[in-house]
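Visitor: Per our numbering, residue 20 is the first one in the sequence shown, and the count goes up by one each step. For each residue, glycine too, the CB sits at the ideal point set by N, CA and C. I have a structure here, written as structure tokens, and I will follow up with some questions on it.
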Amino acid sequence: MKKEVKDTIIAELGEKLKSFPHFYLVDVTGLNAEATSSLRRKCFKSEINMVVVKNTLLHKAFEASDVDFEPLYGSLKGNTAVMFAHTANVPAKLLKEYKKEAIPALKAAYVEETLFIGADKLEELAALKSKNEVIADVVALLQSPAKNVVSALQSGAGTIHGVLKTLGERAE
């Protein structure tokens with residue numbers, strides 16, 4: 020591979036590292052062409068940008084980045100694919116589907132400006148909530164007391180109305 024091509028790939032990886040807030044390093048050793056195509060299709064449907072890269076080129080892209088990715092250097096062995104995503108937990112959920120087969124296996128991840136190293140972190144990453152899920156939880160929590168008050172007022176209004184009606188019908 021010519022130096023110009025390598026420099027272009029390193030620059031493209033650097034741009035992806037800047038444009039995507041989350042990425043996963045995945046070991047794809049042992050995947051045949053059919054399994055790789057299937058994985059790529061699933062990534063595309065889940066809005067994950069998957070790139071199989073040479074470890075040395077990814078290492079150089081990490082070095083050129085503003086963020087310190089040095090703890091990830093040890094994960095750059097074997098065949099490596101990088102899954103870039105805008106939502107933190109989507110790649111983890113996709114990898115969890117393949118957990119029984121152990122291919123592809125999680126090597127490391129950079130999520131929410133935190134490094135996760137090792138395949139044992141997959142459950143933790145899959146359990147993370149996305150921004151939209153957290154917003155939905157907050158909205159539900161905020162709506163809950165209001166719904167309780169409205170419900171109490173509605174049932175209380177019926178009770179008060181019944182008491183007043185009974186009192187009005189009662190002979191004095």
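1. By Cβ distance, which residues of its chain are closer than 6 Å to K79, with the 5 residues on each side in sequence left out?
2. According to DSSP, what are the bridge partners of A138?
3. Rounded to whole angstroms, what's the CA-CA distance from E23 to E34? Just pull it up for me.
4. Which stretch, first to last residue, makes up the beta strand (DSSP E) that contains L125?
5. Give a yes or no on contact between the region 52 to 71 and the region 129 to 146, applying the rule of three or more CB pairs nearer than 8 Å.
6. So is D46 buried or exposed if we call it buried at 16+ other beta carbons inside 10 Å?
7. Start and end of the alpha helix (DSSP H) containing N74?
8. Grab me the residues of N98's own chain with a C-beta within less than 6 Å of its C-beta, minus the 5 sequence neighbours each way, in chain order.
9. Verify whether the separation of the beta carbon atoms of V109 and S149 is less than 9 Å.
Guide: Inspection of the coordinates gives the following:
1. I29
2. Paired residue(s): none; A138 is not in a bridge.
3. 17 Å
4. A124 to V130
5. no
6. buried
7. N74 to A83
8. V47 and T48
9. yes
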